[in-house]
Amino acid sequence: MPPISATAPFAGRTVHRVGYGAMQLERLHDDRDAAVALLRHAIDLGVNHIDTAEFYGNTFVNGVIRDALRPGDDVLVVSKVGADPNPEGPIRLRPAQRPHELRASVEDNLRTLGTEQIGVVNLRRLDTRPGLKAEGDQLVDLDDQLEVMTAMRDEGKIGAIGLSSVTLEILRRALPAGIACVQNAYSLVSREDEDMLELCVAEDIAWVPFFPLGGAFPGLPKVTDEPVVHTVAESLGHTPSQIGLAWLLHHAPNVHLIPGTATAGHLEENVAAGAIVFDDATLATLDAVPSRSQDMALG
1 MPPISATAPF
11 AGRTVHRVGY
21 GAMQLERLHD
31 DRDAAVALLR
41 HAIDLGVNHI
51 DTAEFYGNTF
61 VNGVIRDALR
71 PGDDVLVVSK
81 VGADPNPEGP
91 IRLRPAQRPH
101 ELRASVEDNL
111 RTLGTEQIGV
121 VNLRRLDTRP
131 GLKAEGDQLV
141 DLDDQLEVMT
151 AMRDEGKIGA
161 IGLSSVTLEI
171 LRRALPAGIA
181 CVQNAYSLVS
191 REDEDMLELC
201 VAEDIAWVPF
211 FPLGGAFPGL
221 PKVTDEPVVH
231 TVAESLGHTP
241 SQIGLAWLLH
251 HAPNVHLIPG
261 TATAGHLEEN
271 VAAGAIVFDD
281 ATLATLDAVP
291 SRSQDMALG
């Protein structure tokens, strides 16, 4: 099998397929300099796709990105709207799905990132688990949401529109608006969105799985719990996590990864996963790992 491509199209650009999910920078809240240094290290390693959100660390993470990026870095920053910080609540997020809330969230992101345009903004619909679900007045029609998202794109506040936590039906309805990427929970052990991934391949839409190793909530299956993954990792001299990430890159050409970490060593391992090559037999062995429904796992 030939080496997988190190880069792939994303929102009209070509970026490295292993990016960085900035949520874990919140763990460095008490050491801002370390957070900035870690992000700079990611960029030095070739990472040019950073995924963030206003609610990560209640604006802390966006501030770190603002401080870390320099003119000429040419980094694609992707944020998301559809939920806002709720630091005093039992869950530190609250749904924010109504059109005026989406616009306010984009404006907040622009301010805390210190930029005039965000490369991509994902509309996190909250249609699927795991995570928050929209209820009551937060159940908003897709067309109303896309109207304000496309307006902000026309105004230049957003470079491109993505979707997150959506169903196949919602993606199909949204296609005429021009969708750059889809972020859904997806991993070797949770592949119920295979039909959606195939549609994204056909439509040249980037597939950016969150929870790429599963197991982000209690009861969810974990890639690193699979004996086959450990066997492959030992035979190739890599970690089970690296094998799980590399499988995603082999599985479809439009996959972009955004693994997060708060340590330099783990960051380097994640980036190195992009260079792992499987032969046909190894890939077939991993492909045979059963997929487990996340909804069933969560009860």
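Under UniProt numbering, the very last position in the sequence shown is 299; numbers go up by exactly one each time.
Every residue gets a Cβ at the ideal spot worked out from N, C-alpha and C, and that includes glycine.
The model shown is predicted, which means the values in this text are computed figures rather than measured ones.
Residue range of the beta strand (DSSP E) that residue i falls in?
i: ASP51; result: 49-51
i: GLN183; result: 181-183
i: SER164; result: 158-164
Among the candidates the options, whose CA atom is the shortest distance from the CA of residue i?
i: VAL23; options: VAL47, GLY57, ILE4 and ASP30; result: With the sequence shown as reference, residue 23 is identified as Met, and Val is not the correct amino acid for it. For the residues VAL47, GLY57, ILE4 and ASP30, the minimum Cα distance to MET23 belongs to GLY57.
i: LEU197; options: LEU45, SER235, PRO253 and GLY214; result: PRO253
i: TYR186; options: PRO218, LYS222, ALA177 and GLY178; result: LYS222
i: ALA275; options: LEU283, ALA246 and VAL255; result: ALA246
i: ALA284; options: ALA272, GLU269, HIS251 and GLU268; result: HIS251
i: PRO87; options: VAL64, THR112 and PHE55; result: PHE55
i: ALA174; options: ASP141, ASP195 and ARG191; result: ASP141
i: MET149; options: HIS41, PRO227, VAL106 and PRO9; result: VAL106
Run through DSSP, which three-state label would residue i get?
i: THR128; result: coil
i: ILE170; result: helix
i: LEU102; result: helix
i: SER5; result: coil
i: VAL15; result: strand
i: GLY214; result: strand
What does the Cβ neighbour count give for residue i, buried or exposed, with the cut at 16 atoms within 10 Å?
i: SER5; result: exposed
i: PRO259; result: buried
i: ILE205; result: buried
i: LYS157; result: buried
i: PRO218; result: exposed
i: ALA52; result: Position check: residue 52 holds Thr in this sequence, whereas Ala was assumed. Buried, since its Cβ has 16 or more Cβ neighbours within 10 Å.
i: THR14; result: exposed
i: LEU286; result: buried
i: LYS80; result: buried
i: GLY214; result: buried
i: HIS100; result: exposed
i: THR263; result: exposed
i: SER235; result: exposed
Starting from residue i, trace the alpha helix (DSSP H) in both directions and tell me its first and last residue.
i: ASP67; result: 60-68
i: residue 309; result: Absent from the structure is residue 309, since the part of the chain shown begins at 1 and ends at 299.
i: ALA42; result: 32-44
i: ASP144; result: 142-154
i: LEU267; result: 264-272
i: LEU197; result: 194-202
Identify the residues that DSSP records as bridge partners of residue i: which are they?
i: VAL78; result: ASP51 and VAL120
i: TYR56; result: In DSSP, TYR56 forms no bridge with anything.
i: THR239; result: Paired residues: none, contrary to the question.
i: TYR20; result: ILE50
i: VAL255; result: TRP207
i: PRO85; result: LEU93
i: LYS222; result: GLY214
i: SER190; result: SER187
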